[in-house]
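Working notes for the structure below.
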Amino acid sequence: MHMADALISPATGGAMWVVSAGLALHAARKLRNEITERKVPLMGVMGAFVFAAQMINFSIPGTGSSGHLAGGLLLAALLGPHAAYLVMFSILTVQALFFGDGGLLALGCNVFNMGFWACLVVYPFIFRRIAGNRPGWSRLLTASLMAAVLALQMGAFSVVLETRLSGISELPFGKFLLLMQPIHLAIGIVEGLVTAALLSFVWKARPEVLDFTADARDRAKVSLKPVLIGFGAAAVITGGLLSWFASTHPDGLEWSMFRTSGREELAAPADGVHRSLSEAQKKTALMPDYEFPRPDGNREESPPESALQAEHWPAVKAGTSLAGLVGSAIVLALAGLVGLTVRLKRRRS
Amino acid sequence: MSHHIVEVSGLEYRYPNGTHALQGVSFRIEHGESVGIIGANGAGKSTLLLHLNGCLLATQGTVRVGDFPVTRATLPEIRRSVGMVFQDPNDQLFMPTVQEDVAFGPLNMRLPPEEAEARVQQSLAAVNAAHLAARPPYELSGGEKRAAAIAAVLAMSPDILVLDEPTSGLDPHARRKLIALLRGFKHTKIIAAHDLDMIMDLCTRSIVLHDGCVEADGPTAALLTDQQLLVRTGLELPLRLQGCPVCAR
Amino acid sequence: MNHVKHKGHEEHAVLVVNPGMAQFESALNDIRALERLAARDSPVQRLDPRAMVIVTAAFLITVVSFPKYEIAGLVPLVLYPAILVAVGNLPLRVLVRYLLLAAPFAVLVGLFNPLLDRAITARLGALAVSGGWLSFLSILARFLLTVSAALLLLAATGYSALCSALGRLGMPRLLTTQFLLLYRFIFIVADEAQRMVRAYVLRSRRAGGMPLRVWSSLTGNLLLRAYDRGLRVHTAMLSRGFDGFMRSRHTPHWSWLDSGFVLACAGFFLLARFGHPAELLGRWVLQVLR
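Residue numbers (the numbering used here), protein chains in the order written: chain U, 1 to 349; chain Z, 1001 to 1249; chain V, 2001 to 2290.
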């Protein structure tokens, strides 16, 4: 479920970063009041535990495939919602940095999808409410199942939403949803089972390790409404700013060319190679009016104003032209050459 | 001036689950002494050690280190004078590199980074581990980890060194090196161990614990040759004093 | 190095039976290898980590800000990782392996694009290229660029320097502490986990995942051991004066070199994003060729 940078837009990535980082700040502040400094190494070690446990596969009965623990809900049940959120943040960061599992820009999205729902929403409002203080096995199982299923459904839904809003992947909202939700329903059920099994184990061996067994007054109060409203607003503003930057801002060069010469492109001499190339370019390139070629092969030259008007969000511009390809090839070769030269120089020194 | 005398009197400790770990332990250790704490598993050695730097607080009785009684309020001072090296170096080396681990203590003492750095160099040199500075702890061998853990404690310039099973898990060569190293330290040393031969090498005085009580307290040579005492307390003669297994003499 | 090789031999039979076991070893080895990269000395490693963070963020935003079908525009940005790899003397092998490991998700999702977007948007002579393929290639390009940038950030700074840089850039101390402790504990806990899994594998006949009952018992035990470890470490930390926050021994020095680096990169990214260098270069070359 880790999202990659390749599939997101700056607006979505930036906005989700604002939300996730904001929630992290909020969690840190909350913990400062309640934390005993004993919790600090425990957070570290439990994070390492989840990280390691994710590498131990179990076989899913009846299917022949194997799965592993996701861990958000478990962490919350061990450490409490805010600490668990921060631990998920750290785990996802290590995964992104060391294994490329999830992009750095998409880290905000991933922390939200896999940390926020499980730790800050589902655990306090669903799991604790069902499990109470001293659950029997069936209570625990019910709580785990409902919590895990819901957390994963919300997480999967968030992934679909973020992917769609980014507009890089072509997957249509409905079909993607239809793909993601059922799969994550199954994953959620397994996660719930497995979390319940682990919690039950710990409960029998060392009940003091668990968070939800603590008395109500010791438990952290989780009220997210003001937090979410605040960060939601910030996210919307950030997203808006970044999407403006990315696509509605007219391309600098064309804009300046238009201003100086009154023409979108400089007219090239229509003779020889250049003419055939420019004709080839006309055929292969998208003209600055950014319209797709009409089926009849003719293209209408629209006046420059509409060209700029056409550049509305989401901008659809195919940046492939002959010139582009040639230029790209040259740049690639250049990059390789620079790389080799510097390397050789360093080896010699 | 109390010269960092460690004074324990009537110390009793009961674990939260009810186990009576220590029952009326009393002794006094002078500055510069080298004392071994020996006893069977469960006798209370580790529990006793944890009282010396305030990780555990007595249920009854008192512990004094130098000028300070060990209470919640005096913990920072106590931990500055008492440096504890735990049994498992993995519990003590929790930073990404050795030098960061060694710097952990000085930085917690609010020393400026440059001075902390100087302490790091000194401590690593003192344990002959300067070459390990930039290495991550997971790359080190058991002996190297042990040395790094000791350096991490030395960096705080403690007056009293408390060590819990320092030679456990070490190969013979590393063990030899460690004993030589510890012999060179001028600090007050309190060492809890099963390695009775090491105790004989390093400690002039020993305290035998049995079931949470002090069974004997005196010169190591006398205690560790008293076979009856040793058997009664769940121990046996140091290996070097046992009969030669080859010629049976 | 030797003992790792030897272990590999011993465990070969075991690994074949249960590939799950290999995960620990390779995951930990990957982390170690990457950290070793950061320990090298080159102009890249001498940069202030905060500069690298800022430049990496700018790079990522630039890359993903291109429109969906853009390919040519992305290409000039290759110069950033190319130059850093060269100057930093980073072995390409590591980069390639890292890219391969990270590939699956992006590539899989991206592959839907050619299937879903069939509208022909470009022609290269006789070849008709659908928008879907263009965006797929764009996704691939984005993937290569962004993942390389992540690796470079790590290789240039090293994990703990990166953590303290993030702390200085505003990350809450508790989170910085968590990052550092997590990193260290991963080795300890993964080690224990590996030992436990090995003990299981040697006594079982099954390949693939273990039955749930065994799993919950094994993992539950691992959890408790990890928890106890946490308590012991806490005791050790207290004994060395820990008061809840990790302090850094890295002293920040931001030099003119760092400012220069940030400005140069920012300028280059803006140029690449808005100046269409590939197209311009291509047009110029084509013009010259005439």
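Ideal Cβ positions, reconstructed from N, Cα and C, are used throughout, including at glycine.
Is the Cβ-Cβ distance between V:V2075 and U:L332 less than 8 Å?
-> yes
Within chain V, partners of Z:G1042 - CB distance below 9 Å | Ordered by position in chain V, no residue passes the 9 Å Cβ test against Z:G1042, which lies about 17 Å from the chain.
Near Z:Y1015, which residues of its chain fall below 7 Å by C-beta distance, leaving aside the five closest residues on each side in sequence?
-> A1021
At what residues does the alpha helix (DSSP H) containing V:K2068 begin and finish?
-> Annotation: V:K2068 is outside any alpha helix (DSSP H) and is labelled neither H nor E by DSSP.
Chain U beta carbons: is any one of them nearer than 8 Å to that of V:G2132?
-> yes
Would the beta-carbon of Z:A1152 fall within 8 Å of that of Z:Q1092?
-> yes
At a Cβ cut of 8 Å, what residues of the segment 2213-2239 of chain V count as close to chain Z, listed as they run along the chain?
-> R2229, R2232, V2233, T2235, A2236, M2237, L2238 and S2239
Mind pulling the chain Z residues with CB within less than 8 Å of V:Y2080?
-> Neighbours of V:Y2080 on chain Z: none; closest Cβ ~27 Å, over 8 Å.
Taking U:K30 and U:H82 to be in contact with their CB atoms under 8 Å, please state how far apart those CB atoms are, rounded to whole angstroms.
-> Confirmed, Cβ separation roughly 5 Å.
Note down, in chain order, all residues in the segment 137-150 of chain U with a beta-carbon under 9 Å from any beta-carbon belonging to chain V.
-> none
Can you tell me the Cα-Cα spacing of Z:I1038 and Z:E1236, whole angstroms?
-> Z:I1038 and Z:E1236 have their C-alpha atoms some 11 Å from each other.
Would you tell me roughly how many angstroms separate the C-alpha atoms of V:L2154 and V:A2057, rounded to the nearest one?
-> 13 Å
Z:Y1138: contacting residues in chain V (beta-carbon distance under 9 Å) = L2028, R2032, R2184, F2187, I2188 and D2191
Pick from U:L150, U:F212, U:A6 and U:L334 that is closest to U:L140, judged by C-alpha positions = Ranking U:L150, U:F212, U:A6 and U:L334 by Cα distance to U:L140 puts U:F212 first.
Look up U:S59 in the DSSP assignment and say whether it is helix, strand or coil.
-> strand
Interface residues of chain V facing Z:D1091 [CB-CB closer than 8 Å] = Against Z:D1091, the close residues of chain V are R2229, R2232, V2233, T2235 and A2236, in the order they occur along the chain (beta-carbon pairs closer than 8 Å).
Does the beta-carbon of U:L337 have 16 or more other beta-carbons within 10 angstroms, so that it is buried, or is it exposed?
-> U:L337 should be labelled exposed.
Using a Cβ cut-off of 8 Å (strictly closer), state whether V:T2251 contacts chain Z.
-> yes
U:V50 versus U:L73: straight-line alpha-carbon distance, rounded = 11 Å
With a cut-off of 8 Å, does the C-beta of Z:C1213 fall near any C-beta of chain V?
-> no
C-beta neighbour in chain V for U:P41, strict 8 Å = yes
Distance, U:E208 Cα to Z:H1051 Cα = 23 Å
Check the Cβ of V:L2181 against every Cβ in chain Z and list those closer than 8 Å, keeping chain order.
-> What V:L2181 touches in chain Z: F1094.
When Cβ atoms are compared, which residues of the segment 4-15 of chain U fall closer than 7 Å to chain V?
-> Going along the segment 4-15 of chain U in chain order, one finds A4, D5, A6, L7, I8, S9, P10 and G13 with a Cβ nearer than 7 Å to chain V.
Which class does Z:V1162 belong to by DSSP, given the choice of helix, strand or coil?
-> strand
Check the Cβ-Cβ distances between V:D2366 and every residue of chain U, and say whether any is below 8 Å.
-> An answer regarding residue 2366 of chain V cannot be provided, because it is not within the stretch 2001 to 2290 covered by chain V.
Simplified DSSP state of U:E191, which is helix, strand or coil = helix
Along the segment 2139-2164 of chain V, what residues have a CB closer than 7 Å to any CB found in chain Z?
-> Y2159 and S2160
Specify, as a first and last residue, the run of the alpha helix (DSSP H) that Z:M1084 falls within.
-> It is not in any alpha helix (DSSP H) - Z:M1084 instead sits in the beta strand (DSSP E) that spans V1082 to V1085.
Would you say the beta carbon of Z:T1074 comes nearer than 7 Å to a heavy atom of the ligand GTP?
-> Although the ligand GTP was asked about, the structure shown includes no ligands whatsoever.
Answer with yes or no whether the minimum CB distance from U:E185 to chain V is below 8 Å.
-> Note on residue identity: the sequence assigns Leu, not Glu, to residue 185 of chain U. Not an interface residue.
Z:Y1138 (DSSP reduced to helix, strand or coil) = The answer is helix: DSSP assigns Z:Y1138 an H, G or I state.
The beta strand (DSSP E) enclosing Z:V1102, as first and last residue numbers | Run containing Z:V1102: none in the beta strand (DSSP E); it sits in the alpha helix (DSSP H), V1098 to N1108.
Who pairs with Z:V1063 in a beta bridge, going by DSSP?
-> Z:V1008
Straight-line gap, U:E162 to Z:A1130 (C-alpha atoms, nearest Å) = 51 Å
Throw me the rounded Cβ distance for the V:L2181 and U:P41 pair, which I believe falls under 8 Å.
-> Indeed they touch by this definition, with Cβ atoms about 6 Å apart.
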